[in-house]
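Trainee: Take this structure first; my questions come after.
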Amino acid sequence: MFFGQKEVLIDEKSRLVLPANYRGEFPNGQVYATFGLDDCIDVYSEKTYLRKRERIRQLSDYDKVSRDFKRTFASNTFPLALDSHNRILLPKPLLEKKGIGKKVRIVGNRDHLEIWDSKAFADYESSAQENFSKNAQNLIGK
């Protein structure tokens, strides 16, 4: 399970060193990077990615919203592998589309990691924390 956050730098070749506390979640070194639902890149283990891919595959091809989602997901998913230095080469199309610079925040989000531009995550986090207590009450109960 992924949790916590860490700030790291992406090198000049778009490689990111995966922090030690997250490496155990990728037992075979296979990683899938995909278009996140917010301003981030989602990173999945092979097992989690295959489960998610199967759920998406089951969406109807006859519904335009489903087709658009499936197309966006598939065309913005990249299989990656951890190298011998525990780095992943982040795809430039994802970095550009999500506006991610050299300084990033890796965020654990239960079954996957999120890679955010550090400033974008700071802005997001400030807003999300402001509503945390109210959201907890509304979502979890009184």
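Per this note's numbering: the sequence shown = residues 48 to 189. Virtual Cβ for every residue (Gly too), placed ideally from N, Cα, C. Source: prediction; values computed, not measured.
Give a yes or no on whether the C-beta atoms belonging to aspartate 86 and tryptophan 163 are separated by under 9 Å.
Mentor: Taking the first residue of the sequence shown as 1, we reach residue 86 at position 39. Taking the first residue of the sequence shown as 1, we reach residue 163 at position 116. The answer is yes: Cβ separation under 9 Å.
Trainee: Provide the residue span of the beta strand (DSSP E) that contains aspartate 86, from first to last.
Mentor: Stepping through the sequence shown from its first residue, residue 86 is reached at position 39. Segment: none, aspartate 86 is in no beta strand (DSSP E) and carries neither H nor E.
Trainee: Is leucine 186 helix, strand or coil when you go by DSSP?
Mentor: Walking along the sequence shown from the start, residue 186 turns up at place 139. Helix.
Trainee: Which runs of the alpha helix (DSSP H) spanning at least 4 residues fall entirely within the region 99-134, listed in chain order?
Mentor: Listed in chain order, the complete alpha helix (DSSP H) runs (minimum 4 residues) inside the region 99-134 are 111-122.
Trainee: Could you check where the alpha helix (DSSP H) with arginine 62 kicks off and where it finishes?
Mentor: Counting from 1 along the sequence shown, the entry for residue 62 is found at position 15. Not the alpha helix (DSSP H): arginine 62 falls in the beta strand (DSSP E), residues 62-64.
Trainee: Assuming contact is defined by CB atoms lying nearer than 9 Å, are proline 140 and asparagine 123 in contact in what I supplied?
Mentor: In the sequence shown, residue 140 corresponds to position 93, counting from 1. In the sequence shown, residue 123 corresponds to position 76, counting from 1. It is a contact, given that the beta carbons lie within the stated cut-off.
Trainee: Roughly how far, in whole angstroms, is the beta-carbon of valine 78 from the beta-carbon of leucine 129, given that I think they are within contact range, below 8 Å?
Mentor: On the sequence shown, residue 78 is found 31 positions in, with the first residue counted as 1. On the sequence shown, residue 129 is found 82 positions in, with the first residue counted as 1. The Cβ separation is near 6 Å, so the contact holds.
Trainee: What residues are listed by DSSP as bridge partners for asparagine 156?
Mentor: By one-based count along the sequence shown, residue 156 stands at place 109. In the DSSP output, where bridge partners are listed per residue, asparagine 156 has His159.
Trainee: List the whole-angstrom C-beta distance separating histidine 132 from valine 64, where the pair is believed to meet the contact cut-off of C-beta under 8 Å.
Mentor: For the purposes of this step, residue 132 is taken as residue 85 along the sequence shown, with counting starting at 1. For the purposes of this step, residue 64 is taken as residue 17 along the sequence shown, with counting starting at 1. So it is a contact: roughly 7 Å between Cβ atoms.
Trainee: Drop a sphere of 10 angstroms on the beta-carbon of glutamate 72, count the other beta-carbons inside from all chains shown, and report buried for 16 or more, exposed for fewer.
Mentor: Position 25 of the sequence shown holds residue 72. Burial call: buried.
Trainee: With a CB to CB cut of under 7 Å and the five nearest residues on each side skipped, what residues in its chain are close to phenylalanine 120?
Mentor: Counting from one through the sequence shown, the residue named residue 120 turns up at place 73. Contacts found: Thr81, Phe82 and Ile103.
Trainee: Cα separation between leucine 142 and glutamate 177?
Mentor: Here residue 142 refers to the residue found at position 95 of the sequence shown. Here residue 177 refers to the residue found at position 130 of the sequence shown. Cα to Cα, the separation comes out at about 28 Å.
Trainee: If you reduce the DSSP assignment to three classes, tell me which class leucine 142 lands in.
Mentor: In the sequence shown, residue 142 corresponds to position 95, counting from 1. Residue state, collapsed to three classes: helix.
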